[in-house]
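Input: a single structure, listed below in structure tokens.
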Amino acid sequence: MNSDTKRLLQLIRTRLPLIQAPMAGVQGSRLAVAACRAGALGSLPAAMLPAERLCAEIEAVRRQTGQPLNINFFAHKQPQPDAAQQAAWLQALQPFYREFGLSGADIAAGGGRQPFGEEQAEIVLRYRPRVVSFHFGLPDRVLLDKVKSSGAVVMSSATTVEEARRLEADGADIVIAQGLEAGGHRGMFLSRDLTTQSGTFSLLPQVCAAVKVPVVAAGGICNAATARAACDLGAAGIQIGTALMLADEADTPPLHRAALQSSRAEHTALTNLFSGGFARGIVNRFIREAGFVNPAVPPFPLAQAAAAPLKAAAEAQGSDEFSSLWAGQNAPLAETGSAAEIIGRIMAGWNGPAVMPA
Numbered sequence: 001m002n003s004d005t006k007r008l009l010q011l012i013r014t015r016l017p018l019i020q021a022p023m024a025g026v027q028g029s030r031l032a033v034a035a036c037r038a039g040a041l042g043s044l045p046a047a048m049l050p051a052e053r054l055c056a057e058i059e060a061v062r063r064q065t066g067q068p069l070n071i072n073f074f075a076h077k078q079p080q081p082d083a084a085q086q087a088a089w090l091q092a093l094q095p096f097y098r099e100f101g102l103s104g105a106d107i108a109a110g111g112g113r114q115p116f117g118e119e120q121a122e123i124v125l126r127y128r129p130r131v132v133s134f135h136f137g138l139p140d141r142v143l144l145d146k147v148k149s150s151g152a153v154v155m156s157s158a159t160t161v162e163e164a165r166r167l168e169a170d171g172a173d174i175v176i177a178q179g180l181e182a183g184g185h186r187g188m189f190l191s192r193d194l195t196t197q198s199g200t201f202s203l204l205p206q207v208c209a210a211v212k213v214p215v216v217a218a219g220g221i222c223n224a225a226t227a228r229a230a231c232d233l234g235a236a237g238i239q240i241g242t243a244l245m246l247a248d249e250a251d252t253p254p255l256h257r258a259a260l261q262s263s264r265a266e267h268t269a270l271t272n273l274f275s276g277g278f279a280r281g282i283v284n285r286f287i288r289e290a291g292f293v294n295p296a297v298p299p300f301p302l303a304q305a306a307a308a309p310l311k312a313a314a315e316a317q318g319s320d321e322f323s324s325l326w327a328g329q330n331a332p333l334a335e336t337g338s339a340a341e342i343i344g345r346i347m348a349g350w351n352g353p354a355v356m357p358a
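At position 190 of the sequence shown (counting the first as 1) the number is 190 in UniProt numbering, and the numbers step up by one without a gap.
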């Protein structure tokens, strides 16, 4: 076991240097519990959960395992809606709205992904999870100090070396190097320039060389070979998401599961259509016809309100052509089975026998 892996395990206090990626929409406490029981760091995605629901999920985990838990929040700055931009976005969606018989009245107010704020900080102080992770940078200093005062280890995603350096300087204890292969939302927070983004196995060694905190590799890690490659390139640990989406304990909807197990999973792409943020998912009709990256889309997370009625209408007809089928580029290698079995298969490639499952 290398020294960085030892430091990571001392921080997160798990048996394995593996983090179950928080994945809103395809998991709840069940997957987090299964990951914890397998010796990994289980995670709960909190950005889309009202306070009461988040507390219930945390308590569900606590009832079933005493192992360390990660709670993940988004640290984006909430933009102000722009009426002209919203109108342009709705106009771009009109052909699809007409097809499904929808109108502006079908757009729900509010909702979407909430940034980390005082309410969420109070939940952290109440439950004191071992790890609190963030996407889109870190919250402001006052909020971050509250998290630190709870005793939590702070972890956040970097998609560039510059972001990794910023996270370390701002107080992150662990940096997740999120490669371009990763499914779901990019953690970009210093720039929206997609030309700055690189794959895991280019980004990882550069981040490892640039920061002194432990670095966790994320993106494209789905089997023993990719886990071994991450270890060989200096990762202190790994984070897996898409690899667990077919797990028995995942709540991945049937349409999404079917897409992951089809040849369609061979084609994923970045798009801003579903939320306004760049995210990787399986290409479907909406992405092809509305444009992978559409300039009319409002900033994250405002686009979701107008895109959501299309998803609901199509899914009511048994179609996933307007659904956000988040998945990484190695989705075709995802396997079924229990979370423990999947984690065991992946960890078999990790070059650290001292942290292998018993």
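All C-beta atoms, glycine included, are put in the ideal place defined by N, C-alpha and C.
Of the listed residues the options, nearest to residue i (C-alpha basis)
i	options	result
Ser198	Thr159, Arg228, Ala225, Arg165	Thr159
Gly183	Ser324, Phe292, Pro129	Ser324
Pro50	Ala164, Gln120, Cys231	Gln120
Gly179	Gln67, Ala84, Leu270	Leu270
Ala210	Arg165, Met245, Ala236	Arg165
Leu255	Gly276, Ala312, Val297	Ala312
Pro253	Asn70, Glu315, Ile12, Phe286	Glu315
Ala305	Arg7, Pro81, Glu52, Arg63	Pro81
Met23	Ile346, Asn294, Asp251, Gly276	Asp251
Arg285	Phe278, Phe96, Tyr127	Phe96
Phe116	Arg130, Arg126, Gln91, Lys77	Lys77
Val147	Gly220, Arg126, Thr5, Ser157	Arg126
Arg128	Ala172, Leu69, Ser157	Leu69
Pro79	Val61, Asp106, Thr268, Gln114	Gln114
Asn294	Arg30, Thr65, Trp89	Trp89
Gln67	Val131, Gly104, Asp140	Val131
Buried versus exposed, by CB contacts within 10 Å (16 or more), residue i
i	result
Gly318	exposed
Asn272	buried
Arg280	buried
Val142	exposed
Asn351	exposed
Pro309	buried
Phe292	exposed
Gly241	buried
Asn72	buried
Ala108	exposed
Arg186	buried
Asp320	buried
Pro353	Any reading at Pro353 must be qualified, since the residue scores a pLDDT of 45, below 50, and its modelled position is unreliable; no value is offered.
Glu266	exposed
Glu122	exposed
Ser191	exposed
Ser275	buried
Pro357	Note on Pro357: pLDDT 42, under 50, position unreliable in the model; the coordinate value appears next. So Pro357 ends up on the exposed side.
Ile343	buried
Ser133	buried
Gly277	buried
Pro45	buried
Element boundaries [beta strand (DSSP E), containing residue i]
i	result
Leu16	Leu16 -> no beta strand (DSSP E), and no H or E assigned at all.
Leu44	42 to 45
Ile282	279 to 282
Ala217	215 to 218
Met155	153 to 158
Ala177	174 to 178
Val132	131 to 135
Thr195	It is not in any beta strand (DSSP E) - Thr195 carries neither H nor E in the DSSP assignment.
Ala236	Per DSSP, Ala236 belongs to no beta strand (DSSP E) and is neither H nor E.
Distance between residue j and residue i (C-alpha atoms, nearest Å)
i	j	result
Gly137	Ala47	14 Å
Glu341	Gln261	18 Å
Ser263	Leu333	11 Å
Ser150	Ala224	35 Å
residue 361	Glu335	Outside the displayed span of the chain (1 to 358) sits residue 361, for which this structure offers no information.
Leu302	Asp145	28 Å
Gln10	Glu249	27 Å
Val154	Phe74	13 Å
Ser188	Gly112	Ser is not the amino acid found at residue 188; the sequence shown has Met there. Distance between the alpha carbons of Met188 and Gly112: 18 Å.
Val297	Ala348	43 Å
Cys36	Leu102	43 Å
Phe100	Ala290	15 Å
Val26	Arg288	23 Å
Thr195	Gly328	18 Å
Leu244	Glu118	31 Å
Gly39	Asn330	24 Å
Val207	Glu163	9 Å
Gly337	Arg345	10 Å
Ala230	Glu52	38 Å
Glu168	Ala258	39 Å
Residue span of the alpha helix (DSSP H) that contains residue i, given as start and end
i	result
residue 361	This structure cannot settle anything about residue 361, because the visible part of the chain is limited to 1 through 358.
Phe96	83 to 100
Thr5	3 to 12
Gly344	339 to 347
beta-carbon residue i near the ligand NAD non-hydrogen atom, thresh 7 Å
i	result
Leu180	Among the components of this structure there are no ligands whatsoever, and the ligand NAD is therefore not found.
Any chain E beta carbon closer than 8 Å to residue i
i	result
Tyr127	Of the chains in the structure shown, none is chain E; there is only one protein chain.
- Query: Given 8 Å as the limit, is there contact between the segment 166 to 177 and the segment 204 to 222, that is, 3 or more CB pairs closer than that?
  - Reply: yes
- Query: Are the segment 232 to 241 and the segment 13 to 23 touching by the rule of at least three beta carbon pairs closer than 8 Å?
  - Reply: yes
- Message: I'd like to know if the segment 84 to 98 and the segment 56 to 72 are in contact, where contact means that at least 3 CB-CB pairs between them fall below 8 Å.
- Response: no
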